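Residue numbers (our numbering): 44 to 939.
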């Protein structure tokens with residue numbers, strides 16, 4: 044029997060010979076082999092049956108993709124890269140060979156060799172097709188599912204390999220064939236797979252590749268495989284429900300893929316097959332970050348929009364990368380110096396060093412240069428000339444000083460750390476340098492004598508300068524806030540600023556009668572002699588001048604001077620302001636006080652404002668404004684309402700300052716909440732155990748009730764703090780009361796527990812202090828006793844606040860620690876104690892002078908932390924403190 048395949052005309056139409064393989068396959072292997080043999084460019088090679096130039100170019104493109112050839116040396120002896128030489132030694136598809144070599148870097152040669160061998164042969168899994176094959180196909184799918192990896196088609200090769208290996212070891216040759224037939228596995232393809240794997244293993248061994256003994260991680264395996272499939276990656280487009288691939292390809296997952304229903308965002312495919320649409324077969328998910336390493340030689344980078352990032356201290360830019368048109372990095376921020384170090388350096392100098400947009404305050408040169416710029420600005424203001432420094436001048440000054448490699452704050456810090464050791468002033472700018480290009484040739488000597496602020500207690504008043512002899516405010520003008528004007532005396536301001544003091548003394552001496560003035564001639568020289576003896580913090584100016592002139596033979600009294608005859612710029616000018624608005628100004632502060640302060644006091648003290656009330660036990664005030672104004676004598680006077688504590692009730696009063704208002708409003712809110720608090724008997728009884736009562740007896744409190752009320756006050760304060768402060772209207776106060784009912788019992792219990800611990804620690808310290816009898820240790824005992832009394836007293840719980848109670852315990856524990864080691868460290872303890880006591884004395888003097896300002900209160904806590912640091916380091920200070928730091932802080936407050 045014979046079967047006719049085609050008729051004679053069809054036979055005669057067929058080519059006489061099969062198309063040469065070199066004309067119908069990918070020529071990457073051929074080009075790679077020719078390059079390894081030094082045969083030159085494949086396009087000019089005399090093939091018997093030359094392939095199309097396009098086929099050769101496709102092969103070259105693939106080798107470029109695999110980083111096997113250097114496109115800069117086409118057809119030369121340097122065409123092949125080191126990696127290409129290794130690929131040429133593996134008689135396999137270059138893409139598969141590339142995977143095997145990459146596996147060495149990821150420690151997965153064992154697994155990749157199996158997968159590469161599997162990809163080299165036809166899939167041994169048989170999938171029945173055709174009419175009547177439905178049951179067989181379903182059976183085959185069920186059997187194949189046993190070694191299907193749901194996360195990666197490539198990993199399924201490893202599971203199938205493990206299955207085949209186990210079955211081969213357990214069965215005879217015929218039994219293995221039968222198993223393959225029953226499980227829809229192609230025996231001959233499996234044998235070919237095993238043979239190719241053995242050959243690859245031999246080649247890998249010859250190349251020195253190391254086979255891993257432990258199973259490799261799937262990510263490592265996939266990264267190795269990705270190196271050969273760089274052009275076959277895709278990113279899922281959820282809108283079009285297809286994968287977008289390289290070179291503008293669009294494809295979907297083939298039906299047989301285990302990932303068909305999962306649609307990972309990024310995948311790689313062993314092959315892309317064109318059917319009714321482009322389909323990806325044998326796929327696995329990938330991390331796009333892997334492409335930065337594997338496809339670094341193929342990625343196309345774009346950088347744009349440079350800008351300065353103050354938080355990072357570096358110039359940044361937007362970075363994008365694509366692989367054959369496929370966006371791999373759509374947009375991310377990177378350091379500009381990696382792309383354009385010159386521009387990065389320019390931006391660093393401009394924004395960090397010139398505009399000061401960085402954390403450079405720790406560098407001394409920053410403060411120095413700011414001082415220089417302030418001097419130039421002040422010079423311009425006082426001389427009323429356009430003496431300014433533009434950014435270009437500053438950039439140019441730093442450009443000459445900063446080396447080229449310094450392109451960010453990090454680079455600067457590294458360079459400056461070493462450079463500043465030998466050249467600490469290298470970045471210090473000078474007035475002369477910055478003004479070199481201008482027409483100004485003056486100096487700034489004595490500019491410090493023109494302060495911008497005048498210290499007054501814990502506040503400062505703004506000082507303005509005017510140079511206009513015809514103006515009433517010629518000279519210096521001090522801005523006095525309305526809320527403190529009643530407390531301000533004019534005498535200290537008559538001293539003027541230091542830079543004008545010599546001229547002031549000369550002017551006052553010249554106002555003396557001729558007979559009194561004669562012994563003082565020449566006046567300027569006498570003024571020079573007198574000036575160093577004057578103390579602006581001492582007696583009034585005219586009294587000191589009278590004393591100084593009498594010592595020089597002039598019989599003078601303070602009344603002999605005529606300050607009203609001085610030039611206008613030698614008399615202080617006062618401007619009363621309220622929230623930025625100028626209310627009045629005059630050379631005579633007394634006049635201003637009579638017209639404004641007395642009016643303000645009258646309005647506040649008279650209690651005639653309709654807001655004021657008394658005797659309330661609930662919020663009956665509606666919405667309480669934070670500030671009210673009244674008209675009087677043609678002037679607007681501000682007052683500040685607050686709820687006040689009246690003991691058994693509360694009321695509303697007006698105050699002359701916002702500071703008084705803040706303090707009184709807090710105390711009044713606490714009292715009103717206390718009047719509206721729930722019964723606390725159920726809270727008090729469990730707290731007042733015998734131990735707690737005993738601790739209270741040993742404390743400064745009069746009894747348990749006084750101690751408990753102090754805990755309640757502290758709890759109410761904490762509730763007010765947590766609520767964001769006192770309420771100013773009825774709904775907010777009602778919410779505050781509700782919050783109090785919910786939180787007060789818990790707050791009291793927590794505070795009482797901590798407060799009891801403080802009392803126990805304090806009582807134990809007292810007992811141990813009483814036992815010390817050694818005379819040499821008594822000064823330290825007295826110091827510890829004084830510290831204890833500063834920390835624990837009647838009312839300390841509310842005064843300290845809930846957040847600080849634990850610190851009190853820690854300070855007392857530090858005192859315990861100090862006392863335990865006092866005998867062994869008496870000498871060191873004495874020196875440390877003297878250092879702390881000296882600082883505490885300075886602090887107390889400032890408190891007496893300025894009152895309890897926030898800065899001084901915080902320093903009081905720092906002094907306690909210093910004691911922990913000096914006497915009990917193991918207890919642990921809450922923050923870094925030192926004698927030097929605290930002394931500097933005290934000095935800064937003293938100068939302010």
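For each residue, glycine too, the CB sits at the ideal point set by N, CA and C. Since we're looking at a predicted model, the values are computed, not measured.
Can you grab the Cα-Cα spacing for the pair residue 448 / residue 125, in whole Å?
33 Å
My guess is that residue 758 and residue 730 are in contact by the Cβ rule of under 8 Å, so how many angstroms apart are they, rounded?
About 12 Å; that fails the 8 Å criterion.
Taking 7 Å as the cut-off, decide whether the C-beta atoms of residue 575 and residue 597 are in contact.
no
Just to confirm, is the Cβ distance from residue 379 to residue 358 under 7 Å?
yes
Between residue 892 and residue 906, which are expected to be in contact by the criterion C-beta below 8 Å, what is the C-beta distance as a whole number of angstroms?
Incorrect: roughly 17 Å between the Cβ atoms, too far for contact.
Please list, in chain order, all residues of the same chain as residue 929 whose beta carbon is under 7 Å from its beta carbon, the five residues on each side excluded.
882, 902, 905, 906 and 909
Where DSSP assigns a beta bridge to residue 352, which residues make up the other side?
357
I think residue 609 touches residue 554, with their Cβ atoms under 8 Å apart; what is that distance to the nearest whole Å?
7 Å
In this structure, does DSSP put residue 870 in helix, strand or coil?
helix
Tell me, please, which residues DSSP counts as bridged to residue 638.
DSSP, once it has assigned bridges, lists no residue as partnering residue 638.
Taking 8 Å as the threshold, find out whether the stretch 845 to 853 comes into contact with the stretch 780 to 800 through three or more Cβ pairs.
yes
Quick check on DSSP: helix, strand or coil for residue 65?
Unreliable positioning characterises residue 65 in this predicted model, as indicated by a pLDDT of 45, which lies under 50. The coordinate reading is nonetheless provided below. Helix at residue 65.
For residue 223, count neighbouring C-beta atoms within 10 Å of its own C-beta (all shown protein chains included) and say buried if the count is 16 or more, exposed if not.
buried
Roughly how many angstroms separate the alpha carbons of residue 291 and residue 311, rounded to a whole number?
15 Å
Give the single residue among 531, 665 and 253 whose Cα lies nearest to the Cα of residue 633.
531
Could you give the first and the last residue of the continuous beta strand (DSSP E) run that contains residue 656?
656 to 659
Need the endpoints of the beta strand (DSSP E) that residue 508 sits in, please.
502 to 509
Flag this pair as yes or no: are the beta carbons of residue 861 and residue 817 separated by less than 7 Å?
no
Per-residue burial, residue 599 [other beta carbons within 10 Å of its own, 16 or more giving buried]
buried
Backbone secondary structure at residue 389 - three-state DSSP
helix
Using the three-state DSSP reduction, which class does residue 914 fall into: helix, strand or coil?
helix
Would you mind reading off the limits of the beta strand (DSSP E) that contains residue 780?
No beta strand (DSSP E) holds residue 780; the alpha helix (DSSP H) holding it covers 773 to 814.
Tell me whether residue 971 sits in a helix, a strand or coil according to DSSP, three-state version.
No answer is possible for residue 971: it lies beyond the span of the chain, which begins at 44 and ends at 939.
Could you give the distance in angstroms between the alpha-carbon of residue 188 and the alpha-carbon of residue 305?
16 Å
Can you round the beta-carbon distance between residue 346 and residue 382 to whole angstroms, since I take them to be within the 8 Å contact cut?
5 Å
Over the uninterrupted beta strand (DSSP E) stretch that includes residue 277, give me the two end residues.
276 to 280
DSSP state of residue 161 mapped onto helix, strand, coil:
helix
Taking only three categories from DSSP, how would you classify residue 672?
strand
Where residue 621 sits in the DSSP three-state scheme:
strand
Under a Cβ-count criterion, where at least 16 other Cβ atoms within 10 Å of its own Cβ denotes burial, should residue 161 be classed as buried or exposed?
buried
Within 10 angstroms of the Cβ of residue 288, are there 16 or more other Cβ atoms? Answer buried if so, exposed if not.
buried
By the 10 Å Cβ neighbour count, where 16 or more other Cβ atoms means buried, how is residue 616 classified, buried or exposed?
buried
Check whether the Cβ atoms of residue 9 and residue 693 lie closer than 7 Å to each other.
One cannot answer for residue 9 here, as it falls past the ends of the chain, which runs 44 to 939.
Report buried or exposed for residue 141, applying the criterion of at least 16 other Cβ atoms within 10 angstroms of its Cβ.
buried
Look at the Cβ atom of residue 267, then the Cβ atom of residue 149, and state whether they are nearer than 7 Å.
yes
List the DSSP bridge partners of residue 228.
168
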